[in-house]
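Everything in the sequence shown is counted per my numbering, starting at 5 for the first residue and increasing by one. Glycine included, every Cβ here is placed at the ideal spot set by N, Cα and C. See below for the structure under consideration.
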Amino acid sequence: MQVRILYASRAVGPQTTTVTSAILATAQAFNRQHGISGVLCQGQGLYLQVLEGERSAVHALYARIVADRRHKDVEMLQLEEITERCYPEWSMALVDLSEEDAMVQMKHPEFDPYSAPGVLVMALVEEWVAAGRRIELPAT
Ligand SMILES: Cc1cc2nc3c(=O)[nH]c(=O)nc-3n(C[C@H](O)[C@H](O)[C@H](O)COP(=O)(O)O)c2cc1C
5 MQVRILYASR AVGPQTTTVT SAILATAQAF NRQHGISGVL CQGQGLYLQV
55 LEGERSAVHA LYARIVADRR HKDVEMLQLE EITERCYPEW SMALVDLSEE
105 DAMVQMKHPE FDPYSAPGVL VMALVEEWVA AGRRIELPAT
């Protein structure tokens, strides 16, 4: 049984390159070993993360992520059972949502994942990925 989840959280402290690199390094190594794939979007003080894989593995990882003190207000936005992964080859890709970005600011000026429907946020993540906003991909 495979699932895909989406959650939102708020960064504790600035989202610096150092913090991001540390998170990604852990994520890519662990996820590859545990058959988990996904995308981490970060910027504007927010994280949005899609995790996909075996249900038990995804839930175990989610529990660890919730306990991580580098972010807070972790809220699950969506959980779906899947037969196919969206991001099978990415142990964890990074999408940058920096404030200067016209696409985030102008197209979705009042974007708030905590009040938006989960399906909409998931669709936005897919849109950003499709628009080529991946800025860092795990080594294959
Ligand atoms: C926003 C965010 C996303 C994360 N994503 C992952 C991930 O996909 N995979 C992973 O193994 N750790 C991820 N982590 C790190 C985990 O929260 C945790 O630090 C790591 O799994 C080590 O767990 P431990 O402290 O229980 O050993 C993430 C952390 C944050 C703040």
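Residue i beta carbon near ligand 1 (any heavy atom closer than 7 Å)
| i | result |
| --- | --- |
| residue 19 | no |
| residue 91 | no |
| residue 31 | yes |
Supposed contact pair residue j and residue i - C-beta distance, whole angstroms, cut 8 Å
| i | j | result |
| --- | --- | --- |
| residue 128 | residue 82 | Wrong, their Cβ atoms sit about 12 Å apart, outside the cutoff. |
| residue 55 | residue 42 | 5 Å |
Between the CA atoms of residue j and residue i - distance to the nearest angstrom
| i | j | result |
| --- | --- | --- |
| residue 51 | residue 36 | 21 Å |
| residue 95 | residue 32 | 5 Å |
| residue 93 | residue 63 | 20 Å |
| residue 122 | residue 74 | 23 Å |
| residue 58 | residue 115 | 30 Å |
| residue 19 | residue 100 | 11 Å |
| residue 38 | residue 61 | 7 Å |
| residue 15 | residue 125 | 18 Å |
| residue 66 | residue 98 | 17 Å |
Spatial neighbours of residue i in its chain, beta-carbon cut-off 8 Å, leaving aside the 5 residues before and after
| i | result |
| --- | --- |
| residue 87 | 6 |
Chain-order list of residues whose beta-carbon lies under 6 Å from that of residue i (same chain, five-residue window excluded)
| i | result |
| --- | --- |
| residue 68 | none |
| residue 89 | 41, 56 |
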